[in-house]
Structure formats: C-alpha cells, structure tokens
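Q:
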Amino acid sequence: MRFLTVSGPPSSGKTSVILRVIEALQARQKKIGVVKFDCLLTDDDKRYADKGVLVKKGLSGALCPDHYFVSNIEACVAWGHENGCEYLISESAGLCNRCSPHINEITAVCVIDNLSGINTPRKIGPMLKSADIVVITKGDIVSQAEREVFASRVKQVNPGAIIMHVNGITGQGAFELTSLFEDASDIETLKGKTLRFSMPSALCSYCLGETRIGEEHQTGNIRKMDI
Amino acid sequence: MNHNDLFHRPFDSVLAEHPYIEDFLSSFGLEVEAEEDTLEQYLAGLNPDHLEDLGVSATQLRSSLDEFLAGMLAIQHPLDKVESLTIVGGHNKSGVAENLELTLKPGEVVCIVGPTGSGKSRLLADIEWVAQGYTPTGRKILINDQVPDSKWRFSTEHKLVAQLSQNMNFVMDLSAEEFIRMHAESRLIPDAEEKVRQILVQANELAGETFAPDTPVTSVSGGQSRALMIADMAILSKSPIALIDEIENAGIDRKKALELLVREEKIILMATHDPILALMGDRRLVIKNGGIAKIIESSSEERKNLQELEELDNKLLALRNRIRSGETLEII
Ligand SMILES: Nc1nc2c(ncn2[C@@H]2O[C@H](COP(=O)(O)OP(=O)(O)O)[C@@H](O)[C@H]2O)c(=O)[nH]1
Ligand SMILES: Nc1ncnc2c1ncn2[C@@H]1O[C@H](COP(=O)(O)OP(=O)(O)O)[C@@H](O)[C@H]1O
Ligand SMILES: [Mg+2]
Ligand SMILES: [Mg+2]
Ligand SMILES: [Zn+2]
Ligand SMILES: [Zn+2]
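Chains as they are written, first to last, in this note's numbering: chain A, 683 to 909; chain B, 83 to 414.
#1: Is any heavy atom in ligand 3 found nearer than 7 angstroms to the beta carbon of glutamate 705 of chain A?
#2: Checking contacts by CB at 8 angstroms: is asparagine 396 of chain B closer than that to chain A?
#3: Mind pulling the chain A residues with CB within less than 7 angstroms of glutamate 149 of chain B?
#4: With 9 angstroms as the limit, tell me which residues of the segment 122 to 139 of chain B have their beta carbon closer than that to any beta carbon of chain A; keep them in chain order.
#5: What are the residues in the segment 99 to 111 of chain B lying within 9 angstroms of chain A by C-beta distance?
#6: With 16 other CB atoms within 10 Å as the buried threshold, where does alanine 706 of chain A fall?
#7: Just to confirm my understanding: we take glycine 201 of chain B, look at its own chain, exclude 5 residues before and 5 after, and list those with CB closer than 6 angstroms. What are they?
#8: Give, in chain order, every residue of the segment 237 to 260 of chain B whose Cβ lies closer than 7 angstroms to some Cβ of chain A.
#9: Glutamine 708 of chain A CB to nearest chain B CB: under 8 angstroms?
#10: According to DSSP, is lysine 376 of chain B part of a helix, a strand, or is it coil?
#11: If you measure from each residue's Cβ to the nearest non-hydrogen atom of ligand 3, which ones come out under 6 angstroms, in chain order?
#12: With burial defined as no fewer than 16 other Cβ atoms inside 10 Å of the residue's Cβ, what is the status of serine 753 of chain A: buried or exposed?
#13: Does at least one heavy atom of ligand 4 sit under 7 angstroms from the Cβ of serine 887 of chain A?
#14: In the DSSP assignment, find the unbroken alpha helix (DSSP H) run with glutamate 764 of chain A in it and report its ends.
#15: Is there at least one Cβ from chain A nearer than 8 angstroms to alanine 207 of chain B's Cβ?
#16: Glutamate 165 of chain B: beta carbon under 7 angstroms from a heavy atom of ligand 4?
#17: Tell me the DSSP secondary structure of alanine 152 of chain B in three-state form.
#18: Could you please give the first and the last residue of the uninterrupted alpha helix (DSSP H) stretch that includes serine 694 of chain A?
#19: Can you give me the Cβ contacts of valine 170 of chain B inside the same chain, cut-off strictly under 7 angstroms, excluding the 5 residues immediately before and after it?
#20: In the DSSP assignment, the beta strand (DSSP E) including lysine 739 of chain A goes from what residue to what residue?
#21: Does the distance from the C-beta atom of histidine 784 of chain A to that of alanine 790 of chain A stay below 8 angstroms?
#22: Please report the distance separating the alpha-carbon of aspartate 105 of chain B from that of leucine 270 of chain B.
#23: Look at the Cβ atom of aspartate 748 of chain A, then the Cβ atom of serine 782 of chain A, and state whether they are nearer than 8 angstroms.
#24: Just confirm the distance between the C-beta atoms of alanine 827 of chain A and aspartate 314 of chain B, as a whole number of angstroms; I'd bet it's less than 8 angstroms.
#25: Report the three-state DSSP secondary structure of tyrosine 730 of chain A (helix, strand or coil).
#26: I'd like to check one pair, serine 867 of chain A with phenylalanine 751 of chain A: are the Cβ atoms closer than 8 angstroms?
#27: Cβ atoms of valine 839 of chain A and arginine 878 of chain A: under 8 angstroms apart, would you say?
#28: With H, G and I counted as helix, E and B as strand and the rest as coil, what does DSSP make of glutamine 228 of chain B?
#29: So, using beta-carbon positions, are leucine 351 of chain B and leucine 206 of chain B closer together than 8 angstroms?
#30: Could you spell out where the alpha helix (DSSP H) holding arginine 204 of chain B opens and where it closes?
#31: Does the beta-carbon of lysine 739 of chain A, which I'm using as the reference point, lie nearer than 7 angstroms to any heavy atom of ligand 1?
#32: Going by Cα to Cα distance, which pick from A:Val735, A:Leu723, A:Pro691 and A:Val717 is closest to glutamine 708 of chain A?
#33: Out of B:Ser247, B:Ala244, B:Ile209 and B:Glu239, point me to the one whose CA is closest to valine 229 of chain B's CA.
#34: Under a three-way DSSP split, which group does serine 166 of chain B fall into?
#35: Please list, in chain order, all residues of the same chain as glycine 766 of chain A whose beta carbon is under 8 angstroms from its beta carbon, the five residues on each side excluded.
#36: Please report whether the beta-carbon of proline 783 of chain A lies at a distance below 8 angstroms from any beta-carbon of chain B.
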C-alpha cells in the first residue's frame with residue numbers, strides 16, 4: 683500500500699487537490715482510502731465518500747490535531763491495509779504551524795496557495811520545510827510572475843522539494859502530481875517509523891484545563907516574553 | 083564553482099558575494115552576524131534548542147542550504163540551447179491517432195484554434211510538462227530531437243516553458259516597479275535595475291494607457307497588466323518556449339507584443355481566436371475532439387488581408403479612445 687501524508691494551512695486546497703488525484707488514480711482502477719484529521723468539524727469526509735473511496739475521519743477536539751494524528755495514524759494505516767487499499771492518503775490541516783504530520787520514509791506533501799501572501803512560506807514550520815513535494819494551488823487567480831515569485835519563496839525554505847503548481851478546481855497539473863504519488867513509499871505498517879520533526883513540548887496548567895489568568899495559576903512548562 | 087567551497091571560505095566575503103544566503107537564513111528566522119570565520123562554523127555554532135524553537139534541525143538546515151546553494155548557482159548557468167521542439171502525435175478523445183510529427187524552431191509562432199473543450203489547454207499542458215505518452219492524449223514531446231532530461235519537468239530554475247495564462251490578477255501589495263524588481267531578484271538577474279526599467283518602458287508602449295512605475299499592481303487595468311506580463315515574460319524569462327492561453331486582446335498592442343516575444347527567439351504557442359494574431363502566426367493547429375485535426379500554414383493570400391485587419395483594428399481602437407475621452411460618435 684502506498685501511503686502519503688498531505689498537510690497544509692486551512693483552505694489551501696488540500697481536499698480539492700487530493701480529489702483531483704483520486705480521479706486520476708481511479709481512472710487507473712486503483713483502490714483508495716483517505717483518512718481525514720481535523721479539529722472541530724469537517725465535511726471533507728463526505729466529499730471523499732462521494733468519490734466512492736474509503737474514508738475514516740478523526741476529530742481531535744481539545745487536542746492539537748497533529749498530536750492526535752501521531753497517536754492514531756498507525757491504526758489507520760493498518761485499517762487501510764486490511765481493507766486492501768492500494769493508496770492511503772491522510773489529510774490534516776496544519777493549525778499550529780509548528781507541528782507536522784510528516785514521517786520519515788513516508789512521502790510527505792504540503793499544499794499551500796498563491797493567495798496566502800509571500801511571507802507565509804517563512805511562517806510555516808516543518809510541515810512545509812520538511813515536505814518532499816510542495817503543491818502550490820490557486821495559480822489561476824494570479825499572474826505568471828506572481829506564481830514565480832511565490833514559488834521562489836517556497837524554494838527558499840525548502841530547496842530540496844519538488845515544487846509544482848496544481849489547480850484544485852480544473853485539475854491542471856494533477857496528472858503530473860499523480861505520477862509522483864505512484865512513486866510514493868510502499869508500506870505495510872508504520873511500526874518502527876519516526877516523525878520527521880518532534881512536536882512542541884508543552885504541558886502547562888492551561889493544557890490541563892486551567893482557565894484563570896494570572897501568575898499564580900501558571901505551572902509546568904511556562905515561557906515568558908521579554909517585555 | 084562548487085558550492086561546497088562556500089562553506090569553508092570566510093563567512094563575510096561569502097555573504098558579500100552571495101547576499102541571498104542571508105535571505106535564506108533569515109527565512110528560517112535566524113539572525114546573521116558574520117562573526118564566525120566560516121559558514122560551516124556559523125552553522126555549527128547555532129544553538130540546537132533555538133533551532134528546535136524555529137522548527138528546523140541542524141542537519142535539515144545544513145542540507146537545505148546545500149540544495150539552495152546548488153539551485154542558486156545553477157540558475158546562473160545558461161540553459162542548454164533549445165533548437166527545436168517536436169510534438170509527436172498521440173490520439174484524440176475517441177482514440178483515433180493524430181499521425182503527425184510537428185517540429186517548431188525558435189522565433190516561430192504557432193496558433194492553436196478550436197472550440198471550448200476541444201483540448202487547446204491540454205495541448206499546452208502536454209508541452210509544459212514535456213509529455214511522454216502518459217497524458218490523456220498519448221502525445222510525446224521531444225526537445226532537440228530527443229526525449230528531454232527529466233530535470234526539465236520539475237525544475238524551478240530552468241523552466242522550459244513560461245506560460246501566460248488567461249488570468250492576470252495580482253494579490254501582492256506592491257507597486258509595478260517593486261513587483262518586477264522582486265521578480266527579477268528571485269531569478270537572480272545580473273543587471274536587475276536596467277531590466278526593470280526596460281520592462282516598464284515596454285509595458286507602457288504595449289498598453290493603450292500609460293501607467294507610472296509606482297502604480298500598485300493591484301490597481302493597473304486589465305490591458306496594463308497584460309502588457310506588463312508580456313514585457314516581463316519577454317525580458318526576464320529565460321524559458322525558450324512561451325505558451326499563451328487565450329489572453330484577452332483589449333487594451334494592448336498585439337502586434338508589438340508578439341514582435342517583442344519573437345525578437346527574444348522563443349518558440350511561441352498561442353491558443354487564440356483573434357484573426358490578427360492568427361494571421362501573424364506561421365501556422366495554425368486546428369484542435370477537434372482532443373486531437374490536432376488539421377494544420378493550416380498561413381498563406382500569402384491570408385497575410386495580404388492582415389493589413390486590412392490592422393486598419394480595422396486601429397479604427398476600433400481610435401473609437402475606443404474617443405469614447406474614453408468623452409467624445410460622441412456621430413461621425414466615425
Ligand atoms: N481558484 C481556485 N480555487 C481553489 C483551488 N484549489 C482549491 N480552491 C478552492 O479553495 C477552497 C478551499 O479548498 P479545500 O480543498 O476545501 O481546502 P482544504 O481546507 O485545504 O482542504 C475551495 O473553495 C476550493 O474550491 C485552485 O487551484 N484555484
Ligand atoms: N486527446 C484527448 N484524450 C482525452 N481527453 C482529452 C484529450 N484532449 C483533451 N482532453 C480533455 O478534454 C478536456 C477539455 O480540454 P481543454 O484542453 O481544457 O479544452 P480547451 O482549452 O480547448 O477549452 C480536458 O479535461 C482534457 O484533459
Ligand atoms: Mg480539506
Ligand atoms: Mg482552455
Ligand atoms: Zn501543535
Ligand atoms: Zn499548555
């Protein structure tokens with residue numbers, strides 16, 4: 683089973699791009715599963731189910747969705763394997779810019795859009811900087827020159843990645859992206875694999891449900907600004 | 083030069099010669115003080131906890147910098163010359179073979195015509211991605227009579243193809259001049275300032291209405307932005323092939339625009355239904371049902387009509403300008 687992790691800021695076009703790839707894979711008679719991770723709410727599972735692929739949805743609620751991802755992804759991979767999927771794709775929204783679902787030796791994709799501003803590539807952490815493939819969407823809305831400037835900003839923070847433009851609506855470029863999915867790592871289990879980058883350590887009183895503001899309520903891993 | 087040497091030379095002189103290294107480091111949130119002797123020592127001296135806060139590990143930073151420098155040095159090397167582009171026919175949507183092999187040379191202009199949905203954009207995409215028989219059309223693209231190196235396909239430094247798409251909006255909050263400068267800098271153009279100046283002059287010549295260098299890109303007109311992008315493509319882009327997908331014609335001197343691109347010795351493919359552009363092209367590929375159904379060479383009889391078409395066009399342009407300046411059109 684080929685497994686890929688797809689991440690990216692909210693509304694960057696992850697689901698749209700994955701759907702276009704699914705269409706291309708289905709044209710090649712492939713059996714596909716998708717695992718969708720989000721925080722509070724998502725309708726993406728329905729968009730995937732409409733395509734006739736197997737879907738699992740996980741909502742992290744009060745936890746950081748990426749922490750939740752790591753604790754569940756091994757079981758999801760086993761689920762995909764048991765169900766005979768030839769491709770398993772995980773979609774997770776990068777909400778904290780510092781966590782990243784990418785796993786060593788597992789093809790990692792980051793989706794980012796042309797409209798997010800030229801400084802955004804710098805602000806996104808390991809989710810972008812350690813990805814193997816960076817997909818830039820919404821190129822239809824901006825000029826060629828602006829696409830090039832944006833891509834050069836992405837290249838600056840992740841010079842080793844394959845950077846490509848895909849239109850999440852028309853699917854332009856999705857065919858070529860699919861050919862990269864076909865080269866993704868072929869695995870049976872995630873046992874023994876490691877994350878590409880550690881997730882932030884935090885365990886302060888607020889992690890444990892504290893709501894009161896004030897020095898006396900702050901315990902555990904606390905860091906103070908220089909003011 | 084081998085970029086590995088850069089790691090071992092004095093850091094301050096490396097920074098002076100390659101200022102983009104500072105930009106690279108600051109894009110990871112690092113502060114650059116050229117105190118240490120070499121770049122290698124600077125990297126070794128970074129605090130791992132600080133790097134972890136910035137979301138990058140020392141090994142990843144080092145390998146990213148390595149790739150980045152390799153790319154930056156590659157950008158400055160000239161591209162292998164493209165002498166020809168060959169489209170080896172595939173099949174149309176019904177699977178009927180195209181049976182053709184079409185070779186284009188620098189300076190040639192080919193128009194692509196056909197109804198919506200017939201496959202014009204797909205043909206342009208086959209060229210952009212250097213198709214090798216695996217796209218829905220089964221076409222193959224050869225460069226200099228050979229299957230090109232796969233480096234063409236995903237390279238950001240050496241793009242084979244520059245594409246002007248239908249949409250020319252901007253979202254960046256910059257003036258026209260700042261924007262073009264940023265584009266030039268991202269491509270490490272040596273005489274950037276001079277190129278920026280030329281582009282703005284050319285764009286103003288192509289656009290019906292002139293605009294100042296400090297006009298925000300978000301407020302230029304449709305015609306002005308098309309003029310700006312064509313001048314930018316002609317002067318900044320090193321890509322030997324230019325693809326133009328149904329750009330609107332209004333508000334821009336099409337003849338000059340095409341001449342500007344041809345002068346740069348590019349191979350130009352253009353999806354268009356504009357009679358003037360179509361006649362200026364050397365030939366027209368007629369697309370039907372996903373396949374190239376016919377190739378029409380622009381004949382001298384057709385070309386004779388070009389002058390008349392241009393007169394018609396100029397007449398319309400003059401009328402448009404009169405409307406714009408508040409005149410009435412009782413007499414035309
Ligand atoms: N214009 C344009 N819109 C896009 C493109 N890709 C996605 N979108 C739109 O962006 C919005 C968010 O897309 P979605 O795939 O749900 O993003 P996700 O939250 O990252 O999964 C939707 O309205 C899409 O239709 C694109 O390439 N061009
Ligand atoms: N030879 C072909 N075989 C199969 N599908 C094709 C072929 N040529 C084009 N298509 C598909 O037809 C659709 C319309 O083509 P497109 O290039 O967008 O048309 P146009 O730009 O002329 O409006 C696209 O989905 C494209 O992938
Ligand atoms: Mg989504
Ligand atoms: Mg089209
Ligand atoms: Zn987090
Ligand atoms: Zn906490």
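Note that the Cβ used here is the ideal one computed from N, Cα and C, for glycine as well. Because the structure is a prediction, the values reported are computed rather than measured.
A: Looking at the atomic coordinates:
#1: The residue given as residue 705 of chain A occupies position 23 in the first sequence. Every heavy atom of ligand 3 is 7 angstroms or more from the Cβ of glutamate 705 of chain A, so no.
#2: Walking along the second sequence from the start, residue 396 of chain B turns up at place 314. Cβ-Cβ to chain A under 8 angstroms: no for asparagine 396 of chain B.
#3: In the second sequence, counting from the first residue as 1, residue 149 of chain B sits at position 67. What glutamate 149 of chain B touches in chain A: Pro841 and Gly842.
#4: Glu134, Asp135, Leu136, Gly137, Val138 and Ser139
#5: Tyr102, Asp105, Phe106, Ser108, Ser109, Phe110 and Gly111
#6: Stepping through the first sequence from its first residue, residue 706 of chain A is reached at position 24. So alanine 706 of chain A ends up on the buried side.
#7: For the purposes of this step, residue 201 of chain B is taken as the residue at position 119 of the second sequence. Counting only residues of its own chain and dropping the five nearest sequence neighbours on each side, glycine 201 of chain B has a CB closer than 6 angstroms to the CB of Ile369 and Gly372.
#8: Thr238, Ala244, Gln245, Leu246, Ser247, Asn249, Met250, Asn251, Phe252, Val253 and Met254
#9: In the first sequence, counting from the first residue as 1, residue 708 of chain A sits at position 26. Taking a beta-carbon distance threshold of 8 angstroms, glutamine 708 of chain A does not count as an interface residue toward chain B.
#10: Translated into the one-based positions of the second sequence, residue 376 of chain B becomes position 294. Of the three classes helix, strand and coil, the one that applies to lysine 376 of chain B here is strand, per DSSP.
#11: A:Lys696, A:Thr697, A:Asp726 and A:Glu773
#12: Position 71 of the first sequence holds residue 753 of chain A. Its Cβ having fewer than 16 others within 10 Å, serine 753 of chain A is exposed.
#13: Stepping through the first sequence from its first residue, residue 887 of chain A is reached at position 205. Result no, Cβ not under 7 angstroms from ligand 4.
#14: Position 82 of the first sequence holds residue 764 of chain A. Looking at the DSSP string, the run of the alpha helix (DSSP H) that includes glutamate 764 of chain A is 747 to 764.
#15: Walking along the second sequence from the start, residue 207 of chain B turns up at place 125. Answer yes: the Cβ-Cβ gap between alanine 207 of chain B and chain A drops below 8 angstroms somewhere.
#16: Here residue 165 of chain B corresponds to residue number 83 of the second sequence, with the count starting at 1. No, since every heavy atom of ligand 4 falls outside the 7 angstroms radius drawn around the Cβ of glutamate 165 of chain B.
#17: The residue labelled residue 152 of chain B in the question sits at position 70 within the second sequence. Note: alanine 152 of chain B maps to helix in three-state DSSP.
#18: Your numbering for residue 694 of chain A matches position 12 in the first sequence. Annotation for serine 694 of chain A: no alpha helix (DSSP H) segment contains it, and DSSP assigns it neither H nor E.
#19: As a working note, residue 170 of chain B is residue 88 in the second sequence. Once the five neighbours on either side are set aside, the close Cβ partners of valine 170 of chain B are Glu183, Arg221, Lys222 and Leu224.
#20: The residue you call residue 739 of chain A lines up with position 57 of the first sequence. Run containing lysine 739 of chain A: 736 to 741, per the beta strand (DSSP E) assignment.
#21: On the first sequence, position 102 is the one that residue 784 of chain A refers to. On the first sequence, position 108 is the one that residue 790 of chain A refers to. Yes, the Cβ-Cβ distance between histidine 784 of chain A and alanine 790 of chain A is below 8 angstroms.
#22: To locate residue 105 of chain B, count along the second sequence from 1; it is residue 23. To locate residue 270 of chain B, count along the second sequence from 1; it is residue 188. Computed Cα separation, rounded: 13 angstroms.
#23: In the first sequence, the residue the question calls residue 748 of chain A occupies position 66. In the first sequence, the residue the question calls residue 782 of chain A occupies position 100. Cβ atoms of aspartate 748 of chain A and serine 782 of chain A: closer than 8 angstroms.
#24: Start at 1 with the first residue of the first sequence, and residue 827 of chain A comes out as number 145. Start at 1 with the first residue of the second sequence, and residue 314 of chain B comes out as number 232. With a Cβ gap of about 5 angstroms, alanine 827 of chain A and aspartate 314 of chain B count as contacting.
#25: By 1-based counting over the first sequence, the position of residue 730 of chain A is 48. If DSSP states are grouped into helix, strand and coil, tyrosine 730 of chain A belongs with the helices.
#26: Against the first sequence, residue 751 of chain A aligns to sequence position 69. Against the first sequence, residue 867 of chain A aligns to sequence position 185. Going by C-beta atoms, phenylalanine 751 of chain A is not nearer than 8 angstroms to serine 867 of chain A.
#27: Counted from its first residue, the first sequence places residue 878 of chain A at position 196. Counted from its first residue, the first sequence places residue 839 of chain A at position 157. Their beta carbons are not under 8 angstroms apart, which means arginine 878 of chain A does not touch valine 839 of chain A by this criterion.
#28: Translated into positions along the second sequence, residue 228 of chain B becomes position 146. DSSP places glutamine 228 of chain B in strand when its eight states are reduced to three.
#29: Position 269 of the second sequence, counted from the start, is the residue given in the question as residue 351 of chain B. Position 124 of the second sequence, counted from the start, is the residue given in the question as residue 206 of chain B. Yes, Cβ-Cβ distance for leucine 351 of chain B and leucine 206 of chain B is below 8 angstroms.
#30: Locating residue 204 of chain B in the second sequence gives position 122, where the first residue counts as 1. It spans 202 to 210 - the alpha helix (DSSP H) in which arginine 204 of chain B sits, taken as one unbroken run.
#31: As a working note, residue 739 of chain A is residue 57 in the first sequence. The answer is no for lysine 739 of chain A.
#32: The sequence position of residue 708 of chain A within the first sequence is 26, counting from 1. Among A:Val735, A:Leu723, A:Pro691 and A:Val717, the Cα nearest to that of glutamine 708 of chain A is on A:Val735.
#33: One-based indexing of the second sequence puts residue 229 of chain B at position 147. Among B:Ser247, B:Ala244, B:Ile209 and B:Glu239, the Cα nearest to that of valine 229 of chain B is on B:Ile209.
#34: Locating residue 166 of chain B in the second sequence gives position 84, where the first residue counts as 1. Correct three-state label for serine 166 of chain B: coil.
#35: Looking up residue 766 of chain A in the first sequence gives position 84. Taken in chain order, the residues that qualify are Lys713.
#36: Counted from its first residue, the first sequence places residue 783 of chain A at position 101. Closer than 8 angstroms: no.
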